[in-house]
Amino acid sequence: MKIHVKYFGQVAEAVGKTEEVLDLEKGTNLQDFKTRQVRAYRIPDPHSVQIAVNQDLMEEKDLEEGDEIAFLPPFAGG
Amino acid sequence: MKIHVKYFGQVAEAVGKTEEVLDLEKGTNLQDFKTRQVRAYRIPDPHSVQIAVNQDLMEEKDLEEGDEIAFLPPFAGG
Amino acid sequence: MEKKKPKKVFVSGAIPPEKIANSIANHQSKTEIGAHSIFLGQIRADEIEGKTVKAINYSAYEEMAEKVFHEIREAAFSRFDMTCAHIYHSLGEVKTGEICLLVFTSSAHRKTAIEACNFLVEEIKAKVPVFGKEIFEDETHQWKVNR
Amino acid sequence: MEKKKPKKVFVSGAIPPEKIANSIANHQSKTEIGAHSIFLGQIRADEIEGKTVKAINYSAYEEMAEKVFHEIREAAFSRFDMTCAHIYHSLGEVKTGEICLLVFTSSAHRKTAIEACNFLVEEIKAKVPVFGKEIFEDETHQWKVNR
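Chains as they are written, first to last, in our numbering: chain A, 4 to 81; chain B, 4 to 81; chain C, 1412 to 1558; chain D, 1412 to 1558.
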C-alpha cells in the first residue's frame, strides 16, 4: 500500500527531503514505521518527534493505503 | 488658617464648584472637616468619597495651613 | 543631577489606533524584547434603563493622577523584569467605539509582559483619581464606577 | 449550506505594525466591546555561545497548522464570552525586532479579553506544528524549541 510521508524542520534537515511516497506492507504499525525511519535516516532525538496521521497527532495506528504521515519536531510557534 | 479644597466628578456636581479656599480653625481634624462639608453641600453617598491631602489619600490628619484637600468620588479610570 | 520628568499619561480625547502602531514600530530596534502585551479600553454603548451611552467624559485630579500613574509604573518595574511600559489615558470626551486607555508592556519573555500588563491595568482601575461621566443619547448622564 | 471557510492565520514574513492598527480601527464600530487584549511575539536577538540570532525562518505543516489554529479559536469561543479573536503568524524569514505573532481578543469586559488572549497564546505555543530556524549572523543556524 502507498503512504505519503512528510518531514519538517530539523527532521527534514536530517532526512534530506521534505516528502516521499513509500510502498509499505499492508497493516504496518505506526510505531514500527517511525522506528524504521528513525534508523534509516538517523533522525536525531526521536523521542521529541511527534507523528501526525492525516493531520492528527497519533501514537498508535495500523497504517492504511493513502495515509499522510508527518514527522514533526518540537513546535516553535509564536 | 487657609486651606485649598478641590471637588471632583459627582462631588463637584453636588457642591456646584470645583474648588474653593476656606479659612479654618487651626488644628481642624480631617474627618470633622469632611463631615462638615458633606452636610453643608449635601454630598451624596459620603462613604464612597475618599479624601486626598496634598495628593495622598488619607483618613486621619490634623489639617495645616496651606493643605490641599481633594474630595474624590469613586474612581472610573480605564 | 536633575530628576527625569515623568512622561505624561493623559491625552486629550480618544487614543488613535495609529498611536498604538507607532508605539509598536518604536520598539523594533529593541532586540532584547521577545513579547509585548497590550491592553486597550474601549467605550461601550451600554444600555441602562432604556438609554444608551454615547460617550464618556473623563476628568481627573490631574496632578495627583500623574503622580499615581508614575508610582504604579515604578512599582511594576520593581516587580517585573520589563524592558518598557507605556500608559496613555484619555481626558475629555471619548465616543463609544473609541479607545480611552492604552497599557503597553514589553519584556524578553511572554509571561512577564502579560503579568506586568495585567498588574498595571488593575492598579490603574483601583488607584488613579479619574472620573467618568457617561453621557446618554438624550444628553442626560450618570457617573461611572469601576467594579 | 456551505461551511464558512476558516480565515487564514499565516502571513508571509513579518507582521507590520499597521496591520495591528487596522485591526483596532476595524473594531470601533463594535460598540459592545469594552476591552481588547493583544499579544505580540517579537524576534529576539538572543546570544547563544557567542553568536547572535539575526532572524528566524518559520516553516509549518500548513494544512494541519491552519486546522489546529481553527480548533484553538473555536475552543476559545466556547470557553470565553468573546466578541472577536484574531490570530496572525508569520511564515518565512522574520528579522530580529520584527513581529511574528499577533493574537487579538475583544470582549465586553477586561478579564474575559485578557484570559482569552492568554489561553490562545499558550495553546498556539503548545499545539501548532510551526518550526523555527534561528539564523545567526554568520549564517549558521539552530532549531528553536518552545518552552
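Built from N, CA and C at the ideal position, the CB exists for glycine as well.
Inset, instruction - Could you check the C-alpha separation between V1479 (chain C) and G80 (chain B) for me, to the nearest Å? - result: 12 Å
Legend entry - Residue-level contact to chain C via CB, L75 (chain B), 7 Å cutoff: L75 (chain B) counts as touching chain C.
Inset, instruction - Closer than 7 Å by C-beta to A17 (chain B): which residues in its own chain qualify, once you throw out the five before and the five after it? Chain order, please. - result: Y44, R45, I46 and P47
Inset, instruction - Using 10 angstroms around the beta-carbon of R1484 (chain C), count the other beta-carbons present and answer buried if the total reaches 16, otherwise exposed. - result: buried
Legend entry - Top-ranked residue by Cα proximity to G1424 (chain C), from C:N1529, C:W1554, C:E1504 and C:V1556: For the residues C:N1529, C:W1554, C:E1504 and C:V1556, the minimum Cα distance to G1424 (chain C) belongs to C:E1504.
Inset, instruction - Identify every run of the alpha helix (DSSP H) within the segment 1471–1511 of chain C, keeping only runs that are complete inside it and at least 4 residues long; order them along the chain. - result: 1473–1490
Inset, instruction - In the DSSP assignment, find the unbroken alpha helix (DSSP H) run with D35 (chain A) in it and report its ends. - result: L33 to Y44
Legend entry - Straight-line gap, L1513 (chain C) to G1452 (chain C) (C-alpha atoms, nearest Å): 7 Å
Inset, instruction - Can you give me, in chain order, the residues of the segment 1446–1480 of chain C that have a beta carbon less than 8 Å from any beta carbon in chain D? - result: A1446, H1447, S1448, I1449, F1450, L1451, G1452, Q1453, I1454, R1455 and A1456
Legend entry - Cβ contact check for the segment 1463–1470 of chain C and the segment 1485–1505 of chain C: 3 or more pairs under 8 Å: yes
Inset, instruction - Would you verify that the beta carbon of K1555 (chain C) is, or is not, closer than 7 Å to some beta carbon of chain B? - result: Interface residue, yes.
Inset, instruction - Give the residues of chain B in contact with F1421 (chain C), contact being defined as C-beta atoms less than 8 Å apart. - result: Correct list: empty, because the minimum Cβ distance to chain B is about 10 Å.
Inset, instruction - Pick helix, strand or coil for N1433 (chain D), following the three-state DSSP scheme. - result: helix
Inset, instruction - Mind listing the chain C neighbours of P1428 (chain D)? Cutoff is C-beta to C-beta under 7 Å, in chain order. - result: A1432, I1435 and A1436
Inset, instruction - For the alpha helix (DSSP H) containing V1539 (chain D), list its first residue and its last residue. - result: For V1539 (chain D), there is no enclosing alpha helix (DSSP H), since its DSSP letter is neither H nor E.
Inset, instruction - Would you grab the beta carbon distance between I1525 (chain C) and N1557 (chain D) for me? Rounded to a whole angstrom, and I think it's under 8 Å. - result: That pair is no contact at about 16 Å.
Inset, instruction - Consult DSSP for K1522 (chain D) and reduce its assignment to one of helix, strand or coil. - result: helix
Inset, instruction - Reducing DSSP to helix, strand and coil, say where H7 (chain B) ends up. - result: strand
Inset, instruction - Figure out for me which residue from A:K29, A:R39 and A:I72 has the closest Cα to the Cα of M4 (chain A). - result: Considering only alpha carbons, the answer is A:K29.
Inset, instruction - List the residues of chain C whose Cβ lies closer than 7 Å to the Cβ of T1507 (chain D), in chain order. - result: T1442
Inset, instruction - Compare the C-beta of A55 (chain A) with all C-beta atoms of chain F and state if any pair is closer than 7 Å. - result: Although the question refers to chain F, the structure presented lacks it and instead comprises the protein chains A, B, C and D.
Inset, instruction - With DSSP as the reference, label I54 (chain A) as helix, strand or coil. - result: strand
Legend entry - Status (buried if at least 16 other CB within 10 Å, exposed otherwise) for S1434 (chain C): buried
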